[in-house]
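Chains as they are written, first to last, in this note's numbering: chain A, 1 to 804; chain B, 1 to 207.
C-beta: ideal position from N, C-alpha, C; glycine also.
Quick caveat: nothing in here was measured; it's all calculated off a predicted structure.
Here the structure comes first, spelled out in structure tokens, and everything after it is commentary.
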Amino acid sequence: MSKLKIRELLKKRIVLLDGATGTELYKRGMPAGACPESWCLENPGIIKSLHADYLASGSDIVYACTFTANRKKLSYYKIKDVISLNQRLVLLARQAVGNKALVAGDIAGTGEFIKPFGNLDFEQAVDIYKEQVKGLLLGGVDLFVIETMIDIQEARAALIAVKELSDKFTIVTMTYEKAGRTLNGNDPLSALTTLQSLGADAVGANCSTGPEDMCKIISKIKPYATVPLVAKPNAGMPELVNNKAVFNLKPAEFALAAKRLVSLGVNLIGGCCGTTPEHIAGLKRKLLTVKPLVSKIKAVSALSSARRTFVFAGQKNPLIIGEKINPTGKKDFQRELAKGDFSSAIRLAKEQESQGAEVLDLNLGVGGTDEKKLMLSALSLLSVSTSLPLVIDSANPEVIEEALRFYPGRALINSISGEKKRLKKLLNLAKKYGAMFIILPITGKKIPETFKERKKIIEMIYKEAVKAGLTKDDFLVDGLVMPLSWSSKAASTTLEVIGWCSKQLKVKTVAGLSNVSFGLPQRRLVNRVFLKMAKACGLTAAIADPQDKQPLNNRLAENLLLGKDKDSRKFIAVYSRIKPLAKEKVRKEVSEPRVQVYQAIIEGNRSQVNSLIDKALSPKLKAQELLEKNMIPAMVAVGELFQVRQYFLPQLIASAETMQRGVFHLQPYLKKKTAGRSKKGVVLLATVKGDIHDIGKNIVALVLKNYGFEVIDLGKDISAEKIIAKAKFHSPDIVGLSALMTTTMVQMPLVILAAKKEGLGCKFMVGGAVVNKTYADSIGAEYAKDSIAAVKVAEKIGRRRGRP
Amino acid sequence: MDKLHFFDQINIEIPFETIYSRLGYRQGITRLTGRQKEEIDSYINEAARLLRLKGVGRRAEIIGRKPKALELSGGVIFESSLLVSVFPNVSELLLIGATSGSGIITAIENCQKQDLTRGVVFDAVASETVDLCLDWICDYFNRLLKRENKQLTAKRISCGYSDFQLENQKIFYEFLELAKLDVSLNDECMLKPEKSVTAVVGVMEVK
């Protein structure tokens, strides 16, 4: 059946898929661990009866039993003839259903991850799927189903393989976990955006969840779906009964829940694990009279990565496309890229994401390098280090082609200009890989200076795009920003283009913001004012430094940008004298400085504590008094807050670190005899031999110091001999030992025993994940469950030993 | 005995809630200012960028069962009555391992003296995410097992629990070829990088 006929059918009614194959085959005698594909060939009657049962139940489409019939999976069973096996399984399905149902070639995962998540090359994956597709085509499939995908990149590889060998209707369904993402982190909207733009004819979800959870996925994606939606849920979630997993949703309940899926916009529906021909018959009865919700959207303006989507839908402010991953004029960055070092690219991606960019421009044009190779490596790294969709920015169509093929999302091409050959090639690439693109109003090398010239080019490219099957929703028009130093009309012409595009042509626009201010003082100011003016003209997106994202009012800059300031004289005259804006004046605190010191410790304000101490110290308030009356009470209060759980660990440590900094800062001002603070006791700390975990011990050390103890920290992995030697030397009141593992806690009694042998008078305190009070008692030590408990124990021991 | 399944880049959502909870945060009790929350969240995000989560899994048939030991294909013997009692009806086990990578550990170590607050948060992020990696690996294997009408048991056991001695870590280390994940094992059976974990799960048939 042709693609068109399936589409027509979908407009008329809900199309029924089949139910589970795997669980049904097991019921019908397939032994656990068997290769389903070869078992079906050995038992053709059983698979044919299953297909026939689904046909009798009402399935319009049955899936040939070729789920794992790819080279990688079949190699587990040492099966090599992939093409013939697929062909024969399709023929069995055809024999079972004849022309009364459509036969889909079923394609699923290879069991391996594509780079960078695994070792499989993307093109290798495409090749593996092409081999399977060839067999399915030889068998005479009516359509293809790519299903149970957990990684968008593998789904893309399979879809590209199908599209490059056939024009048949292709369904792609991903498998989402309960949290709403695939195992590899892909969300439903990004998957939909990527797959429908890449040419999938229907998109949806199968397996993993029951119909109820699948409703959430369908409602999320329906508003953005240009293609029919598919759902193939399990018969509920498996439950353990007598130590066996059982799918509990009966046919009638399943049908009822499935009806809700249809009401939310599902056009093709069937069942996955645990469903049976009875479940499909139930669906048929329930959905007989239900009209499909056909998507009215023809195209969606959206960009996607593997994990995030940006939909162009009436944003209040222009979208900021981070411009910084571009080596032009950055020599260090160029050198790095030439060496294949992408650390700056990754850093810039993360930095711009944290500064609020929503999409990132990726330009790796460095003379003398293999740009294609650089682009693919960068895409591979950036696809895991940022979730933002990317703009493929290159002057080389071959680089763009490779990038679009590999990129696991819907990218934006920057840019397509009017040179005929290049234009045709790039428009075809945009169509094939479903990318959005930027129209650059240039033909040849000459920059069109006037609005009229630019308008003509835009109209020509737009016309060609429509011819290539693309729509207004697939592109943005670049207003073509030139520096004001190039022409005083540079900005106003760009604004005119933006205004015409948004108001007359009704298309989206973009501008490379910072170009306008090249050579001027106060570039950030000019950029932000320009952004404000472009926004007023209807600008959709700005390729900019995300730090410039706030539009700004400034009359001088506005006049400059409107070409009213001849040769930029007034602007330069004023702004070349002005230094960068002074930092905002810090609000004057009304409370007393000594209270602020107290508060800084309570709040763990490490950065300001020393300046607050300086402010607080005066002839009236000496260091000793500040310490004893404000700082120590603050730390005591923090301990109390921690004990009643109003504070948690990071707050306790932040306060302790603040206190530590403050005390260190105060040292020169404290009286000599108390410079080390009154000693509550000396504690020797160590993590025992063989144990490398010492973060807990370090926390204890920090907090003990803050409570007035002198702490000698020996570190981690310390032998009993060394602990004893140090204890002899320092004569501590307490030796604190820490261990995290059962294999290392046995070192604790060895230390204690050795100390007794040596006649040391110190007490022992122990702690760590595997240590408890019973164990501490058994080895003759005190137990401290955390740092505050350690303080209490140490104080108790100290008091017994006559310490203050 | 199954082949080894290596996962070079495990992609998971950072579990902010469980990280807070691990650090002692109690909903409705712990009080946090906006500045403190912002600081802790920024450390969590920073830690997330330092993670390089990798993992491995391998199935092994149970070929011998004694009251206090399980013998697996590939010459592995686990001596533990706990293991025998937790996996009574399973025919095979899945051994899994995951690591946070060394970048985060170096960062934690660098924070120990001067910036312990950051270090403690980093530590919690690494611990929680590496645990989530084991969940992720189990989910992955559940998908493969489904085709064989099998699934993993809900219970998962790690060395060091009850009588499943930490010394078994040596078996995991070799069986899972953890060296290929840049993980090493010291004489006390501790894995390095410090945030590396292993576990065993049962594989059972689905009705």
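Inset, instruction - Report yes if the CB atom of B:G55 is closer than 8 Å to the CB atom of B:C133, and no otherwise. - result: The answer is yes: Cβ separation under 8 Å.
Legend entry - Stretch-stretch touch, CB-based, cutoff 8 Å, three pairs: the segment 644 to 656 of chain A with the segment 150 to 157 of chain B: no
Legend entry - At least 3 beta-carbon pairs within less than 8 Å: the segment 517 to 534 of chain A vs the segment 325 to 339 of chain A: no
Legend entry - Terminal residues of the beta strand (DSSP E) in which B:S196 lies: S196 to E205
Legend entry - B:Q112 at chain A interface by Cβ criterion, 8 Å: yes
Legend entry - CA-to-CA distance, A:P546 to A:K489, given in whole angstroms: 26 Å
Legend entry - Partner residues on chain B for A:M741, Cβ-Cβ distance less than 8 Å: G160, L166, E188, C189 and M190
Legend entry - Residues in the segment 62 to 91 of chain B having any Cβ partner in chain A nearer than 7 Å: For the segment 62 to 91 of chain B, the residues whose beta carbon sits under 7 Å from a beta carbon of chain A are, in order, N89.
Legend entry - Same chain only: Cβ atoms within 6 Å of A:A784, ignoring 5 sequence neighbours per side: Counting only Cβ-Cβ distances below 6 Å, and skipping sequence neighbours, we find M765, G767, A790 and V793.
Inset, instruction - Classify A:Y63 as helix, strand or coil using the three-state DSSP reduction. - result: In the structure shown, the three-state DSSP call for A:Y63 is strand.
Inset, instruction - Pull up the distance between the alpha-carbon of A:E603 and that of A:V771, whole angstroms please. - result: 31 Å
Legend entry - chain B residues whose Cβ lies nearer than 7 Å to that of A:H693: Residues of chain B whose Cβ lies closer than 7 Å to the Cβ of A:H693 are, in chain order, E194.
Inset, instruction - Would you kindly work out how many angstroms separate the C-alpha atoms of A:M635 and A:S385, rounded to a whole number? - result: 40 Å
Legend entry - For A:Y598 and A:L670, the rounded distance between their alpha carbons: 18 Å
Inset, instruction - Tell me, please, whether the CB atom of A:Q352 is closer than 8 Å to any CB atom in chain B? - result: no
Legend entry - Counted within 10 angstroms of its Cβ, other Cβ atoms place A:V141 as buried (16 or more) or exposed: buried
Inset, instruction - For chain A, find out if any of its Cβ atoms is closer than 8 Å to the Cβ of B:V120; answer yes or no. - result: yes
Legend entry - Where the alpha helix (DSSP H) through A:A490 begins and ends: A490 to W500
Legend entry - Separation of A:G538 from A:K850, as counted between CA atoms: Chain A is shown from 1 up to 804; residue 850 of chain A falls before or after that span and cannot be answered.
Legend entry - Which residues DSSP lists as bridging B:Q151, in chain order: B:M204
Legend entry - Ranges of the alpha helix (DSSP H) found wholly within the segment 143 to 203 of chain A, counting only runs of at least 4: 152 to 165 and 188 to 198
Inset, instruction - Return the CA-CA distance between A:T369 and A:S344, expressed in angstroms with no decimal places. - result: 17 Å
Legend entry - Bridge-paired residues (DSSP) for A:F764: A:V735
Inset, instruction - Give me the Cβ distance between A:L374 and A:L364, rounded to the nearest whole Å; I'm assuming they're in contact under 8 Å. - result: 4 Å
Legend entry - Short CB-CB distance (under 8 Å) between A:F664 and chain B: no
Inset, instruction - Tell me, please, whether the CB atom of B:L116 is closer than 8 Å to any CB atom in chain A? - result: yes
Legend entry - chain B within 8 Å of A:E603, Cβ atoms only: By the rule that beta-carbons nearer than 8 Å mark a contact, A:E603 touches chain B.
Legend entry - Contact under 8 Å by Cβ, A:V688 with A:A739: For A:V688 and A:A739, yes; Cβs fall inside 8 Å.
Legend entry - Meets three-Cβ-pair contact criterion under 8 Å: the segment 719 to 729 of chain A and the segment 632 to 648 of chain A: no
Inset, instruction - Report yes if the CB atom of A:V359 is closer than 8 Å to the CB atom of A:L388, and no otherwise. - result: yes
Legend entry - Cross-strand partners of B:H5 (DSSP beta bridge): B:H5 is bridged by DSSP to B:G57.
Inset, instruction - Would you give the residue range spanned by the beta strand (DSSP E) that A:F310 belongs to? - result: T309 to V311
Inset, instruction - Out of A:F451, A:I269, A:D473 and A:V683, state which residue places its alpha-carbon closest to the alpha-carbon of A:F312. - result: A:D473
Legend entry - From B:F122, B:S102 and B:D135, residue whose alpha carbon lies closest to that of B:E194: Closest in C-alpha terms to B:E194, from the list B:F122, B:S102 and B:D135, comes B:S102.
Inset, instruction - For my contact list, A:D361 and A:E401 are in at a C-beta cut-off of 8 Å; report their separation, rounded to the angstrom. - result: Their Cβ separation, rounded to whole angstroms, is 18 Å, which puts A:D361 and A:E401 out of contact at 8 Å.
Inset, instruction - Please go through the same chain and pick out, in chain order, the residues whose beta-carbon is closer than 7 Å to the beta-carbon of A:D805, but skip the five residues on each side of it. - result: Outside the displayed range of chain A (1 to 804) lies residue 805 of chain A, so it cannot be described from this structure.
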